[in-house]
Amino acid sequence: MTIDRGVESARQALRVAFGVVPFLAGLDKFFNLLADWPRYLSPAAEAMLPVTAQTFMHFAGVVEMVVGLAILTRWTVLGSYVAAAWLVAIAANLVASDTFLDVAVRDLVMATAAYTLARLTEASESTRTPAAVPVDAQEDRTRLGKVA
């Protein structure tokens, strides 16, 4: 296996993971089967919300589902950057609550992986896009019939 194939297979694994997992976690914000999601909201954040913690989790779930779908489609780069920022915000919320610090650390690691997916996808897409061929300035002037 070449490094290019190895990197591409790693990028695709990250893409599937960051597409499917956020989508399913977002969907679960409506059912609370995986976790009691409102418990993860810090008291300070909850006090600032104009809605209940569960309603906020519904909003968060929609965002996560959209981000997951974006990553699985042609918006992988944008979705990955949003996922990275979202995960950092979640980690900050958990640190502010002084609970679930282990989850905060894992979210920061996942944010780094989402950022890595964005950068790998940018690199992958740039190698697929043909580069513009520079036109020789002298050739261009000759074509116009004028030599400076």
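All residue numbers for the sequence shown refer to the numbering used here, where the first residue is 22 and numbers rise by one.
All residues carry an ideal CB built from backbone N, CA and C; glycine is no exception.
Model, not experiment: these values are computed from the prediction.
Supposed close pair residue i, residue j - CB separation, criterion 8 Å
i      : j      : result
Ala105 : Ala132 : 5 Å
Residue i - containing alpha helix (DSSP H), residue span
i      : result
Val72  : Note, Val72: premise wrong, no alpha helix (DSSP H); not H, not E.
Ala135 : 122-149
Asp25  : 24-49
Asp94  : It is worth fixing the name first, because residue 94 is Thr in this sequence and not Asp. First-last for Thr94: undefined, no H or E at that position.
Contact check, residue i vs residue j, beta carbons under 8 Å
i      : j      : result
Glu85  : Ala56  : no
Leu90  : Phe44  : yes
Thr142 : Val98  : yes
Gln75  : Pro59  : yes
Arg36  : Ile92  : yes
Ala135 : Ser101 : yes
Ala112 : Leu129 : yes
Glu172 : Ser147 : No answer is possible for residue 172: it lies beyond the span of the chain, which begins at 22 and ends at 169.
Counted within 10 angstroms of its Cβ, other Cβ atoms place residue i as buried (16 or more) or exposed
i     : result
Phe80 : exposed
Met22 : exposed
Gly82 : buried
Chain D within 8 Å of residue i, Cβ atoms only
i     : result
Ala38 : Although the question refers to chain D, the structure presented lacks it and comprises just one protein chain.
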